[in-house]
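Heads up: the structure comes next, in structure tokens.
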Amino acid sequence: TRSGETILVSAAMRFGVGNAHVDNWSSGGIAVGVDHHNGRLMEVAFDKNGNRFHAHPDTKHAFLGFELPFWKETVEIATKLQTAASFYKLIGVDVALAPDGPILIEMNANPDIVFQEQTAGPLLRDPRVLQAQLLEILRVNVAAPDDDQVLEPSGHVELARVAKAEVTRAQKAWANVVD
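Per this note's numbering: the sequence shown = residues 14 to 192.
Below you can see the structure in the form of structure tokens.
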């Protein structure tokens, strides 16, 4: 936000289906919203065609209420990266949940809003998100631009530092998974 607050606006958990080695929608995966306040899965998952699933099609485990491990740590990674990338208004952070904790997969400067709203509900239902969005619209359309920090190189340096630390941690974690 303009005040420097980082808001987690949405979260979803993706799952592979069948013999897939990936969890992408384009490869037949499904995704369920996560209550980002407590890390619990919502009731219904969707595939890219909008088909609804109350349980994983292979394991038959119900989604509703399942508590994701390492939720606090996952939120900390996403918040740290968004704070470091303050020159972006919104980033998507893909994180894998490994046995030892969350691992950064990638960051997206243009996250899929339709995906987020389909799996977790409307982003603007959170009054903080709505207020931040309205203030940004006013700033862009009414007020004279005074935001020089958008292109401030030090912001890029900080993002690179934070991302490098997460990548290093992820590489170590993946090495433990492979071994």
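All C-beta atoms, glycine included, are put in the ideal place defined by N, C-alpha and C.
No experiment lies behind these values; they were computed from the predicted model shown.
- The alpha-carbon of Ala97 is positioned some 38 Å away from that of Thr72.
- Cβ neighbours of Gly105 within its own chain (closer than 6 Å, five residues either side excluded): Asn121 and Pro124.
- Cβ atoms of Glu119 and Asp107 come within 8 Å of each other, at about 5 Å.
- Distance from the CA of Val57 to the CA of Ala91, rounded to the nearest whole angstrom, comes to 24 Å.
- The three-state reading of DSSP puts Phe76 in coil, since its state is none of H, G, I, E or B.
- It is roughly 16 Å from the alpha-carbon of Thr132 to the alpha-carbon of Glu80.
- With contacts defined as CB atoms closer than 8 Å, Gly46 and Gly134 qualify as a contacting pair.
- Rounded to the nearest whole angstrom, the C-alpha separation of Arg27 and Ala44 is 4 Å.
- Put simply, of Asp139, Phe59 and Val22 the residue whose alpha carbon is nearest the alpha carbon of Gly29 is Phe59.
- As DSSP reads the structure, Ala25 sits in a beta bridge with Gly46.
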